[in-house]
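S.K.: So that we are looking at the same thing, I have put the structure below in structure tokens.
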Ligand SMILES: [Zn+2]
Ligand SMILES: [Zn+2]
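In the UniProt record's numbering, the protein residues as written are 1 to 346.
So, in structure tokens, the structure goes:
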């Protein structure tokens, strides 16, 4: 009876029709806007708003002193013209340049360090490489030495290229070892191995560091990987190394070079997080004017997101992100560039 009445009313009263439609509209709008206490629909929410997001796990780090720093100087580089390398070391060192080092021999040497006696002198390396390289040149580097050293295969060897791809040897492997036994006992890191691509007629890709390893006295091996710093609005006097990667090392001042302190992850991690720009960061922090966090623009950048390695947020903002604000990569872990920096500054 009531239904029949309603239907009749609906058919004959435009006013009733309009009010029913309006009521439906108001109820829908109220639901969408969350007036009834329902959760706000996902489409209206910022994806990084975070009540329900678990904080990113923090990776525990240990800080160690790396006595070695090796860079490529700018200028023309090729197999025939040679390469300028600059070592900025905390202790007297020996730079050994192995030209045309066989890939298999280098892999063998890396394993030999982990299994057998530690490779801490040029002689150890030569034996571990089983002398499978074309030419070896050594330089003594003092701790104040900031000069570039020119290494080149002698013309009488007749080596102009290392053949077509795929290749069996790396163009150049530069090994830094500590010159004095006393220093070898002091430092945890005893050698640095840098694999460098050098262009030649057969493969003209520009010269660059392909990878870099650090050897520890305990027989561990860590790979050095670059960090990507966000450029800050303040104190950014032109582009910094932060915007580049390891292939374009900057020109550190003596002050920076004397403070080469990489961050080593815990023992079980086979990685080292450190690059030249980190030194620059430390300098900024020591002046109390670190680069701004890209999110709050208020605190210094102190967090590196993994696995993308963007250093762009501060300690308090890191917990609000599941995705890197720069590249949108999913954040699995993060670590602090310096412990307690945020606390100290605020
Ligand atoms: Zn922040
Ligand atoms: Zn990223």
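Using N, Cα and C, we set each Cβ at its ideal position, and we do this for glycine too.
Counting only the same chain and skipping the five closest in sequence on each side, list residues whose C-beta sits under 8 angstroms from that of residue 221.
M.R.: Here the set comprises 110, 113, 114, 213, 214, 215, 270.
S.K.: Extract the residue ranges of the beta strand (DSSP E) inside the UniProt domain "RING-type" (293–328), only unbroken runs of 3 or more that lie entirely within it.
M.R.: 303–306, 310–313
S.K.: Out of curiosity, what's the CA-to-CA distance linking residue 19 and residue 25?
M.R.: 10 angstroms
S.K.: Does residue 110 come out as helix, strand or coil in the three-state DSSP assignment?
M.R.: Residue 110 falls in the helix class under three-state DSSP.
S.K.: Classify residue 104 as helix, strand or coil using the three-state DSSP reduction.
M.R.: helix
S.K.: Is residue 338 near ligand 1, with its Cβ less than 6 angstroms from a heavy atom?
M.R.: no
S.K.: Helix, strand or coil for residue 213 per DSSP?
M.R.: strand
S.K.: Can you tell me where the alpha helix (DSSP H) holding residue 19 begins and where it ends?
M.R.: 14–33
S.K.: Out of curiosity, what's the CA-to-CA distance linking residue 101 and residue 172?
M.R.: Looking at the two C-alpha atoms, the distance is approximately 7 angstroms.
S.K.: Just checking my contact of residue 153 with residue 134 at CB under 8 angstroms: how many whole Å lie between their CB atoms?
M.R.: Right, their Cβ atoms sit about 7 angstroms apart.
S.K.: Does the stretch 189–202 touch the stretch 72–90, meaning 3 or more C-beta pairs lie closer than 8 angstroms?
M.R.: yes
S.K.: Given the structure, does residue 323 come close to ligand 2, in the sense that its CB is under 6 angstroms from one of the ligand's heavy atoms?
M.R.: no
S.K.: Around the C-beta of residue 292, are 16 or more other C-beta atoms found within 10 angstroms, so that it is buried, or is it exposed?
M.R.: buried
S.K.: For ligand 1, any of its heavy atoms closer than 6 angstroms to the Cβ of residue 295?
M.R.: yes
S.K.: Can you grab the Cα-Cα spacing for the pair residue 64 / residue 125, in whole Å?
M.R.: 23 angstroms
S.K.: Within the stretch 89–174, note down every full alpha helix (DSSP H) run reaching 4 residues or more, in order along the chain.
M.R.: 103–115, 122–128
S.K.: DSSP beta-bridge partners for residue 222?
M.R.: 214
S.K.: Under a three-way DSSP split, which group does residue 68 fall into?
M.R.: Residue 68 falls in the coil class under three-state DSSP.
S.K.: Answer with buried or exposed for residue 296, where buried requires no fewer than 16 other C-beta atoms within 10 angstroms of its C-beta.
M.R.: exposed
S.K.: Starting from the C-beta of residue 163, find all residues in its chain whose C-beta is less than 7 angstroms away, skip the five residues before and the five after it, and write them out in chain order.
M.R.: 202
S.K.: Does the Cβ-Cβ distance between residue 68 and residue 176 come in under 7 angstroms?
M.R.: Judged by their CB atoms, residue 68 and residue 176 are nearer to each other than the 7 angstroms cut-off.
S.K.: Could you work out which residue in 300, 181, 298, 294 is closest to residue 326 when comparing CA atoms only?
M.R.: 294
S.K.: Could you spell out the range, first to last residue, of the alpha helix (DSSP H) harbouring residue 182?
M.R.: 181–186
S.K.: Who does residue 193 pair with in a DSSP beta bridge?
M.R.: 175, 213
S.K.: Given this structure, state the Cα-to-Cα distance separating residue 72 from residue 321, to the nearest angstrom.
M.R.: Taking the straight line joining both Cα atoms gives about 36 angstroms.
S.K.: To the nearest angstrom, how far is it from the Cα of residue 169 to the Cα of residue 183?
M.R.: Here the C-alpha atom of residue 169 lies approximately 32 angstroms from the C-alpha atom of residue 183.
S.K.: Quick one: grab the DSSP three-state call for residue 87.
M.R.: Residue state, collapsed to three classes: strand.
S.K.: Rounded to the nearest angstrom, what separates residue 178 and residue 140 at their Cα positions?
M.R.: 10 angstroms
S.K.: Using 10 angstroms around the beta-carbon of residue 82, count the other beta-carbons present and answer buried if the total reaches 16, otherwise exposed.
M.R.: buried
S.K.: For residue 228 versus residue 309, is the C-beta spacing smaller than 7 angstroms?
M.R.: yes
S.K.: Taking 6 angstroms as the cut-off, is the C-beta of residue 311 nearer than that to any heavy atom in ligand 2?
M.R.: no
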